[in-house]
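The C-terminal residue of the sequence shown carries number 1350 in my numbering, and the numbering is unbroken.
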Amino acid sequence: MKRFFLILLLCTATASAQQNTGGLKGRVSDENGSVIVGATVTATDANGKTKTAITNGDGAFSLAGLAPGKYTVRVSAPGFGTFENTEANVTTHVEQLDATMTVTIDQQKVTVSADTMGVNTDPENNVGALVLKGTDLESLPDDPDDLVAALQALAGPAAGPNGGQIYIDGFTGGRIPPLASIREIRINNNPWSSEFDRPGFGRIEILTKPGTDRFRGQASLSFNNQDFNSRNPFAPTRAPYLSRNYGGNLSGPISKKKASFFLDFEKRDINDDAVINATVLDANLNIVPFAATVPTPNRRTTFSPRIDYQLNAKNTLVFRYEYEHNRSITGLNGGFSLPSRAYANFGTQQTIRATETAILNKKTVNETRFQFNHQTSGDTANNSVPTVSVQEAFTGGGSQIGLTSTKTDRWEINNITSIAHGFHSIKFGVRVRTVNIASISPQNFGGLWTFSGSRVFGQATGLTSIQAYQITEQGLQQGLTGAQIRTNGGGATQFTINAGNPKSGVSQFDVGMFAQDDWRLRPNLTVNLGMRYENQDNISSNLNFAPRVGFAWAPGSAQQKKTTIRGGFGIFYDRIGENLTLNATRLNGTNQQQFMVTNFAILNLFPTVPTIDALQAFAQPVTIYQLSKDIQAPYTMQTAISLEHALPHNFTTSVTFSHARTLHLLRARAINAPLPGTFNPQIPGSGTRPLGVNDYFEYDSTGQFNQNQLIVTLGSRLSRNISFNANYTFAKANSNSDGSGTFASNPFDFSNEYGRASNDVRHRFSLNGSFRMPWNISLNPLVVYSSGQPFNITIGRDLNGDKLFTERPAFAADLTKPGIVFTRFGAFDPNPVAGETIIPRNYAQAPGSLIANLRVSRTFGFGGERKTTPPSNGRGGAAGQRGGGGGGARGGFPGVGGGGARGGGGGGGRGGGGGGGGALGGGEAAKRYNLTVGVNFTNILNHVNLSRPIGNLSSSLFGISNSSAGAFGGFGGGGRGGGGSAPYNRLIEMSIRFSF
355 MKRFFLILLL CTATASAQQN TGGLKGRVSD ENGSVIVGAT VTATDANGKT
405 KTAITNGDGA FSLAGLAPGK YTVRVSAPGF GTFENTEANV TTHVEQLDAT
455 MTVTIDQQKV TVSADTMGVN TDPENNVGAL VLKGTDLESL PDDPDDLVAA
505 LQALAGPAAG PNGGQIYIDG FTGGRIPPLA SIREIRINNN PWSSEFDRPG
555 FGRIEILTKP GTDRFRGQAS LSFNNQDFNS RNPFAPTRAP YLSRNYGGNL
605 SGPISKKKAS FFLDFEKRDI NDDAVINATV LDANLNIVPF AATVPTPNRR
655 TTFSPRIDYQ LNAKNTLVFR YEYEHNRSIT GLNGGFSLPS RAYANFGTQQ
705 TIRATETAIL NKKTVNETRF QFNHQTSGDT ANNSVPTVSV QEAFTGGGSQ
755 IGLTSTKTDR WEINNITSIA HGFHSIKFGV RVRTVNIASI SPQNFGGLWT
805 FSGSRVFGQA TGLTSIQAYQ ITEQGLQQGL TGAQIRTNGG GATQFTINAG
855 NPKSGVSQFD VGMFAQDDWR LRPNLTVNLG MRYENQDNIS SNLNFAPRVG
905 FAWAPGSAQQ KKTTIRGGFG IFYDRIGENL TLNATRLNGT NQQQFMVTNF
955 AILNLFPTVP TIDALQAFAQ PVTIYQLSKD IQAPYTMQTA ISLEHALPHN
1005 FTTSVTFSHA RTLHLLRARA INAPLPGTFN PQIPGSGTRP LGVNDYFEYD
1055 STGQFNQNQL IVTLGSRLSR NISFNANYTF AKANSNSDGS GTFASNPFDF
1105 SNEYGRASND VRHRFSLNGS FRMPWNISLN PLVVYSSGQP FNITIGRDLN
1155 GDKLFTERPA FAADLTKPGI VFTRFGAFDP NPVAGETIIP RNYAQAPGSL
1205 IANLRVSRTF GFGGERKTTP PSNGRGGAAG QRGGGGGGAR GGFPGVGGGG
1255 ARGGGGGGGR GGGGGGGGAL GGGEAAKRYN LTVGVNFTNI LNHVNLSRPI
1305 GNLSSSLFGI SNSSAGAFGG FGGGGRGGGG SAPYNRLIEM SIRFSF
């Protein structure tokens, strides 16, 4: 009886509580009356408390348990303008509130990300993708070169040998926009899309900000000098350093609800230094170490206006102009180059982009993109003085770049049509690109002397390269002849020089066509089918068909989707770059002649540079570069399977296994080297050559690459104030080439070239996040760790007469044999004989790297509250991005609840926590005016990241790194202007930003 009264009391209390609350229900539809599935309905009370519902298959929603009062109800859906009712009254009853949403043309081409993290079957919502926006962008570096390096490090090892690809607003190429102008960055998104020529694993898509319908802007300044930094461990002193980076942006309306603009400007001034760590001869011809820092200033100026214009109800135009100018002192990378080799470099690029988007009917959207990129670049170097290269000791003399200039024009046109038909989201299109290059390059017109040694690491006999050079200089001082010097062990090993016409040019054209269908077979199963075809001129490779297929399956009921299984297979073609054709055109033996001299009679003339007439009189062979007649476009076959799961507390995780196999990988061959057994290293020019006297270096496509990756991701937006993304990758990659510049150690036997690929980094971990602390303090960490990259071990001598120093030692079979080299990498025989096993390419491994960056900032707001302002015309970002909306109950616009998978996709990835008033403007701050003060720590742990060690066994520095690695352990170049030898190990940068 007591139990009965207790239950009755509870029921009465519950009923009483229910009578004190109300609710909202309704249906969401478009202007034609078709229901919208998957729309987000949010009710916010006067205290800021929110409650959210998602419309079901009938477009209906229900919000129960609302306290009586006035609410603001917002309804959002991909492809529609946001519906808002600020006067929704809730009583103790359930009130009816229907919403009619208006199609917004611009939202066909933006990513609309949910505020919560989950899993679904949309092809572009793979959890393995990383979507950075809002406050998450604040963990990235401001410097554009460091930004690229950071993004490539976050992307991890791309599928295939050539790394990832960067798209900016849907275009390839162009300047990297200032970080403050970036709305969103997607990494590793939708790997099987046939819209792209390269794999999605490693692809980086940057979307820039559009104009707004209210005036918004910001101005920023960052500053750093040597007083805030730690000394580079390879530099003798803490050299003067200064970095200033300032810029800003302004956006607003041109014509209300019709046109808007966005303008950004940025200027970077860096007084940098290159670190030299070499071994040289002093004034008395003694061998001494030489360490110095040399000023290498870098200047960059860029600005870009953008206009978004609504032509009419169905057509939108986006126009952008970009300008970038760079000036720098360079040429001292690597640690061995002496100050005399520094030269001035400049580069200017201008880009025009236009995107027109048209709604053809309620189910079809067409987009046309146009890009023209004009680049001019040049170098001012003194090549009247020959260069002297003493292997792994120093490189001195003049810079053989000379007075160069290059003009490059690139055109790109895309046309893409998207159709929503029932449960199909169909897309097809074409891309056409052309490039024209006019080059003036008197490179190596002054000549290059090379000295190598006969002594190997750890041995007392023989000579190192610097000792051979020392004997040469001592002999010259004593008045000895070249022949006498050579008898004493000195003398140059090789002399190269170019002559002829410095002008050359190339034109190249390529086309790509694709069609794909994202087919939602069931509510929890989506199949992606696609085909791409590519072709180009300058080669004969016409059957470049690239099928793509993928699937996403979410087992379980529609209400309990927590797991998604994805898989796919695709073929991805690479283009043969115009640089190979240009080099083959330049050094064809007629336009320019390159002489690679090993004849002692000429080498004994050192330091006098022989004339071209003298070389021809000695009947010296000419080196000719050419493309193989059988060269084909490389292609990668990739297979992947992944498991994605939604965890408690708004965590998502994914595990992906990927296998990639590349065929027709590019490499270079010395096709006219002396036949095996006919060359005597003691007699230069000896041996029987199959194709006459000249040297032929040929680019071919006989290489291969294999890669396996296991990728684990974890991401969470624990709250509006906390979000993070983590990625761990275990990878293994082997190949017999690292690209078009890879020569085999034996030009007649490639069987031993298969080994670790140069990008075979076994372990890689990255972490980035955004943490909003009390008092408007933000912490944005970025941590990247990677195990060591492989490097090659060579003996530093030419044993087969191909005039290249690519020979590798053999594994020592007899440890008592004279000359065996004992290293921490193993015991090697630098004088291999028949039957011994040559070590594989890239046999040794460099040290790993660890970079931990942290941005700490605080925002001071003043001037009263301001309203959140959406982008003008509803555009959330860049032109040129895939449109579309989720799988709906009806056919409609791609991106308007139409059938098939949503094309915009940021929500399913390990997305950033957009909003929140970040210093970068990723979210709207609560105040009208905001001042953000920040401190940016680069390599806050002051960890020493070493470059690849010296792999030449004839160097006394074998196995030692003589410089620090570039940004993020060498990913994406050096950063800070691309120098690769930053004069400091840890940098602390101050920044201030004002926004309104």
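All C-beta atoms in this analysis are idealised placements derived from N, C-alpha and C, irrespective of residue type, glycine included.
For the pair GLY1046 and PHE700, the Cα-to-Cα distance works out to about 42 Å. With fewer than three CB-CB distances shorter than 8 Å, the stretch 1090-1105 does not count as touching the stretch 1122-1132. Uninterrupted beta strand (DSSP E) stretches at least 3 residues long and entirely within the stretch 731-783 occur at 741-744, 748-751 and 757-775, given in chain order. Taking LYS612 as reference, the option from GLY1217, PRO975 and ASN669 with the minimal CA-CA separation is ASN669.
Shown here for GLN848: same chain residues with a beta carbon closer than 6 Å to its own, the five before and five after excluded, namely THR804 and THR952 in chain order. Using a Cβ distance threshold of 8 Å, GLY884 and ALA869 count as a contacting pair. By the beta-carbon neighbour count (other beta carbons within 10 angstroms, threshold 16), ILE539 is buried. Rounded to whole angstroms, the separation of the alpha carbons of ILE770 and ALA667 is 20 Å. ASN1306 and PHE1165 have their C-alpha atoms roughly 15 Å apart.
The beta carbon of ALA1111 sits closer than 8 Å to those of PRO515, PHE1059, GLN1061, ALA1087, ASN1088, SER1089, ASP1092, PRO1144 and ASN1196, all from its chain and outside the five residues before and after it, given in chain order. Considered as a whole, the stretch 488-550 harbours 498-509 as its complete alpha helix (DSSP H) runs of no fewer than 4 residues, in chain order. One alpha carbon belongs to GLU676, the other to ILE522, and they sit about 12 Å apart.
Between the alpha carbons of ALA509 and TYR1082 lies a gap of roughly 11 Å. Counting along the chain, GLU1343 sits inside the beta strand (DSSP E) bounded by residues 1341-1349. For LEU934, the enclosing alpha helix (DSSP H) starts and ends at 932-940. The continuous stretches of alpha helix (DSSP H) do not include THR1286, which lies in the beta strand (DSSP E) extending over residues 1281-1292. Distance from the CA of ASP499 to the CA of GLY924, rounded to the nearest whole angstrom, comes to 31 Å. Beta-bridge partners assigned by DSSP to VAL1137: LEU1121 and ALA1206. Taking the Cα of THR562 as reference, the smallest distance to any Cα among ALA747, THR749 and ARG537 is reached at ARG537. The Cβ-Cβ distance between TYR1283 and GLY1215 falls below 8 Å. Put simply, the stretch 734-750 does not touch the stretch 774-783. Fewer than three CB pairs are less than 8 Å apart.
Our two residues, THR440 and LYS487, have alpha carbons roughly 28 Å apart in a direct line.
By the criterion of a C-beta distance shorter than 7 Å, ASP496 is surrounded in its chain by LEU533, SER576 and ASN599, once the five residues flanking it on both sides are discounted. Annotation for GLY836: the continuous alpha helix (DSSP H) segment containing it runs 836-841. With contacts defined as CB atoms closer than 8 Å, ASP1049 and LYS1157 qualify as a contacting pair. Taking a 10 Å sphere around the C-beta of PRO1035, we find fewer than 16 other C-beta atoms and assign the residue as exposed. By the 16-neighbour rule on beta-carbons within 10 angstroms, LYS781 is buried. By the Cβ criterion, the stretch 892-909 is in contact with the stretch 985-997, since at least three pairs of Cβ atoms, one from each stretch, lie closer than 8 Å. Annotation: ASN882 to ASN1079 spans about 27 Å, alpha carbon to alpha carbon. Proximity to ARG787 across GLU888, ALA822, GLY843 and GLY829 peaks at GLU888, based on C-alpha coordinates. The residue among THR826, GLN890 and ILE773 with its C-alpha nearest the C-alpha of ASP872 is ILE773.
The alpha-carbon of PHE726 is positioned some 36 Å away from that of ALA994. Here ILE1131 is exposed, its C-beta having fewer than 16 other C-beta atoms within 10 Å. With fewer than 16 other Cβ atoms inside 10 Å of its own Cβ, SER609 counts as exposed.
Only exposed fits GLN831, as fewer than 16 other CB atoms lie within 10 angstroms of its CB. Look at PHE799 here: in three-state DSSP terms it is coil, with no helix or strand label.
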